[in-house]
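Colleague:
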Amino acid sequence: MFTVGPAEPENTLLTTVSEGEIKRLLHRGKFLNEIRRQIINAIHERDAAVQKADSLERELRNLRQDMIQLGENLYEASEETNR
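The opening position of the sequence shown corresponds to residue 23 in the numbering used here, with each subsequent residue numbered one higher.
#1: When the Cα atoms are used, what is the spatial distance from R106 to E81?
#2: Return helix, strand or coil for R58, following the three-state DSSP convention.
#3: To which residues of the same chain is L92 closer than 6 Å at the C-beta, ignoring the five residues directly before and after it?
#4: Once DSSP output is grouped into helix, strand and coil, what is the label at R83?
#5: Expressed to the nearest angstrom, what Euclidean distance is found between the alpha-carbon atoms of R58 and Y97?
See the structure below:
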């Protein structure tokens, strides 16, 4: 048993914590820290995926514009050929 601080009046926090309780709390703290780490990793992965999606969306818009321009150029070239 471990005693922490001076004796406290009745109806307050307990001052004695067993070794088993300390081990249990330490284990729970490690478990919660691992959950926290995994959440942070998931957020970073999500952010990276959003950035990639935004980049792909920009590339797709540019490709679409290029295809439109190519179509217009081909149409103009065919009109000149038909003259």
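Glycine included, every Cβ here is placed at the ideal spot set by N, Cα and C.
Please read all numbers here as calculations on a predicted model, not as lab measurements.
Modeller: Result, derived from the coordinates:
#1: For residue 106 there is no data in the structure shown, the boundaries of the chain being 23 and 105.
#2: helix
#3: none
#4: helix
#5: 58 Å
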